[in-house]
Amino acid sequence: MTTVLRASPRRFVSTPPIERVAARALRYLQSGFSVHLRGPAGTGKTTLALHLADLLARPIMLLYGDDEFKTSDLIGNQTGYTRKKVVDNFIHSVVKVEDELRHNWVDSRLTLACREGFTLVYDEFNRSRPEVNNVLLSALEEKLLVLPPNNSRSEYIRVNSQFRVILTSNPEEYCGVHATQDALLDRIITINIPEPDELTQQEIIVQKTGIDRESALIIVRLVREFRHRTHTDKSSGLRSCLMLAKVCHEHEILAMPENPEFRDICQDVLLSRSALSLDESTRLLWEVFNEMITAHAMQQEATSFAPQSRVIPSPPQTPPAAPLPEEALAASETEPTAESPAESPEVAANQTADSSPEAVSVPPAEAVELDSPAADRKPAPRGGKKA
Numbered sequence: 004m005t006t007v008l009r010a011s012p013r014r015f016v017s018t019p020p021i022e023r024v025a026a027r028a029l030r031y032l033q034s035g036f037s038v039h040l041r042g043p044a045g046t047g048k049t050t051l052a053l054h055l056a057d058l059l060a061r062p063i064m065l066l067y068g069d070d071e072f073k074t075s076d077l078i079g080n081q082t083g084y085t086r087k088k089v090v091d092n093f094i095h096s097v098v099k100v101e102d103e104l105r106h107n108w109v110d111s112r113l114t115l116a117c118r119e120g121f122t123l124v125y126d127e128f129n130r131s132r133p134e135v136n137n138v139l140l141s142a143l144e145e146k147l148l149v150l151p152p153n154n155s156r157s158e159y160i161r162v163n164s165q166f167r168v169i170l171t172s173n174p175e176e177y178c179g180v181h182a183t184q185d186a187l188l189d190r191i192i193t194i195n196i197p198e199p200d201e202l203t204q205q206e207i208i209v210q211k212t213g214i215d216r217e218s219a220l221i222i223v224r225l226v227r228e229f230r231h232r233t234h235t236d237k238s239s240g241l242r243s244c245l246m247l248a249k250v251c252h253e254h255e256i257l258a259m260p261e262n263p264e265f266r267d268i269c270q271d272v273l274l275s276r277s278a279l280s281l282d283e284s285t286r287l288l289w290e291v292f293n294e295m296i297t298a299h300a301m302q303q304e305a306t307s308f309a310p311q312s313r314v315i316p317s318p319p320q321t322p323p324a325a326p327l328p329e330e331a332l333a334a335s336e337t338e339p340t341a342e343s344p345a346e347s348p349e350v351a352a353n354q355t356a357d358s359s360p361e362a363v364s365v366p367p368a369e370a371v372e373l374d375s376p377a378a379d380r381k382p383a384p385r386g387g388k389k390a
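With this note's numbering applied, the sequence shown corresponds to residues 4 to 390, in that order.
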């Protein structure tokens, strides 16, 4: 019995790079073409394929490639027999016996999807042998599915107009992967799925595991640096990051290189994924730990020193004016100007006597140290004779 799915990926993380790829692929599917997502393992091809199938709003038939696949696993097979025997003994002297034996035909996923217009998600289709996938050629180009001869059914099925295929595959250098025939690649649109960038991986880890963003960024950078040094570029490090983040978050383990528990988890998860020897991989992993610890310490030191060493620039100041000589200052006070004409001593005395004390502010005598020329003259004695 074939099961029809209504599946959608749980907690699908949508970032700008993923949205751009999904928008392009959905545009091709809506135009009637099938899509092939190709890229390294762990880049989210299957999740994206299920997301695209969910956006099409059609039932999903999920199929996984296998080297043991046969064509009958795609289109169906004859399973068992049906025997029909009729004994007619209406007249006692005459006995009529009819015995019929027929093969039972059971449709497989591809046949059901072509007939009903479902979306077929064929994950890692290049793990199946190329001759098995030849049945897709007529279904994608001529919109006609050819079945083995049988007396109880038609040998041809007209493909529904809503039928779509979403294929995913790994690079051909992977173990157990077969080369794809050019005729099939010519009928589909291939989209290369690269490894997610640092920010995308951080966002995926945060939303799928619940770990904080700072710890997620530390895990992403650690895994990326280790994979770069061990030349492990055939697969993505996203699955390793998700493992580390989930264990640390659920067991409240601090994701820091200084933490011994975190280092033990990293060794268990990362060392088995390296193509180098165990000793060499361990040495490189500890080099990454030490470099991250040193960088973190220098960053903390710079952060703690920055507020104390910051120099606040002072506002620009105008240079003070040069002091006037004492003779020039005295002359400016005694000589009349155009704005204030000279007054006689009697007028000045009358103005001083008539003005109120509040209106006149006289500086104290000891605060004035100006040498006036009038101070050198001696006052005339009262009642004395003129010389």
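Using N, Cα and C, we set each Cβ at its ideal position, and we do this for glycine too.
Spatial neighbours of residue i in its chain, beta-carbon cut-off 8 Å, leaving aside the 5 residues before and after
| i | result |
| --- | --- |
| A25 | S17, L51, H54, L55 and L58 |
| N153 | Q81, H106 and W108 |
| L140 | A186, L187 and R190 |
| S111 | T5, S75, D76, L77, I78, G79 and N80 |
| S157 | L150 |
| Q184 | P133, N136 and N137 |
| D215 | V209 |
| Q270 | T285 and L288 |
Beta-carbon proximity of residue i to residue j, cut-off 7 Å
| i | j | result |
| --- | --- | --- |
| L113 | L77 | yes |
| C117 | I160 | yes |
| S172 | R41 | yes |
| V124 | K146 | no |
| I296 | P260 | yes |
| I192 | K48 | no |
| I194 | A305 | no |
| S37 | R167 | yes |
| I207 | A258 | no |
| V180 | E201 | no |
Outcome for residue i when other beta-carbon atoms lying within 10 angstroms are tallied against a minimum of 16
| i | result |
| --- | --- |
| V90 | exposed |
| Q205 | buried |
| E127 | buried |
| M64 | buried |
| H254 | exposed |
| L273 | buried |
| S343 | Unreliable placement is indicated for S343, whose pLDDT of 46 sits below 50; the coordinate value is still reported in the next sentence. The residue in question, S343, is exposed, as its Cβ has fewer than 16 Cβ neighbours within 10 Å. |
| T203 | buried |
| H95 | exposed |
| N92 | exposed |
| R230 | buried |
Nearest to residue i (by Cα), restricted to the options the options
| i | options | result |
| --- | --- | --- |
| P174 | N129, G68 and L143 | N129 |
| D69 | T85, A28 and R132 | R132 |
| L32 | E217, P43 and A60 | A60 |
| E228 | D282, P43 and V291 | V291 |
| D236 | A258, L279, D271 and M246 | L279 |
| K73 | V138, A219, S275 and R230 | V138 |
| T85 | E119, L104 and M301 | L104 |
| R266 | L288, P43, N92 and S284 | L288 |
| E134 | K99, E176 and A182 | A182 |
Same chain, Cβ closer than 7 Å to residue i, neighbours up to 5 away in sequence not counted
| i | result |
| --- | --- |
| R14 | Q210 and K211 |
| R242 | G45 |
| E361 | Below a pLDDT of 50, predicted positions are generally treated as unreliable, and E361, at 46, falls in that range; the measurement from the model is reported next regardless. Excluding positions up to five away in sequence, the list is empty. |
| M246 | V272 |
For residue j and residue i, the rounded distance between their alpha carbons
| i | j | result |
| --- | --- | --- |
| R286 | L150 | 58 Å |
| S164 | L148 | 13 Å |
| E144 | P199 | 33 Å |
| S277 | H234 | 8 Å |
| H252 | I268 | 12 Å |
| A298 | I256 | 21 Å |
| S284 | Q303 | 29 Å |
| N136 | Y177 | 19 Å |
| A393 | E71 | Past the boundaries of the shown model lies residue 393; the chain is included only from 4 to 390, so the question cannot be answered. |
| P43 | A300 | 35 Å |
Contacts around residue i, its chain only, beta-carbon distance under 6 Å, and the 5 residues preceding and following it disregarded
| i | result |
| --- | --- |
| I21 | none |
| L66 | R112 and Y125 |
| E101 | V89 |
| V226 | G240, S243 and C244 |
| K249 | T212 |
| L281 | none |
| S218 | A258 |
| E369 | Summary for E369: the model assigns pLDDT 44, below 50, so the residue's position carries little reliability; its value from the coordinates is reported in the next sentence. Answer for E369: no residue qualifies. |
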